[in-house]
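**Q** One point on numbering: in numbering that gives the first Met the number 0, the residue at position 89 of the sequence shown is 88, and numbering is uninterrupted.
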Amino acid sequence: METAKVYKMTKNFWESAGLTEDEYWNEYAINSYKQLMAIEELQRAVTKNISDNEKYSYWQEFVEKTILDFEKKNSISIKEFHKQAQESIY
0 METAKVYKMT KNFWESAGLT EDEYWNEYAI NSYKQLMAIE ELQRAVTKNI SDNEKYSYWQ
60 EFVEKTILDF EKKNSISIKE FHKQAQESIY
């Protein structure tokens, strides 16, 4: 893809997000990059002793299990929050 097209797509993104170009590059892009690096590091650690042909499926299972565990642990809090929010409306 041409550099000008990529720049235009990126510019459209930051403008639609209500960011300035400086905010995009200095805050949003850096934070996104840091998040991706952290995920990569976690993925490497989780799949360290897994054979190459099994890493992808092992990682997918890890992510799914982690999400399910999170949902189970937080479902009571979410339900309680929802209940309190509904009660505060009336």
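Glycine residues also receive a C-beta, built at the ideal position from the N, C-alpha and C atoms. The structure displayed is predicted, hence computed values, not measured ones.
Distance check for W58 and Q42, CA to CA, integer angstroms please.
**A** C-alpha separation (whole angstroms): 7 Å.
**Q** Output yes or no for whether 8 Å exceeds the beta carbon distance between F61 and V45.
**A** Contact: yes.
**Q** If you follow the alpha helix (DSSP H) that M0 is in, where does it begin and where does it stop?
**A** Per DSSP, M0 belongs to no alpha helix (DSSP H) and is neither H nor E.
**Q** Work out the CA separation of Y32 and S76 for me, nearest whole Å.
**A** Rounded to whole angstroms, S76 to Y32 spans 30 Å at the Cα level.
**Q** What do you reckon, are the CB atoms on Y27 and L18 nearer than 8 Å?
**A** Yes.
**Q** CB-CB under 6 Å to I49, same chain, minus the five flanking residues each way: which ones, in chain order?
**A** Around I49: Y57.
**Q** Is DSSP giving A84 helix, strand or coil here?
**A** Of the three classes helix, strand and coil, the one that applies to A84 here is helix, per DSSP.
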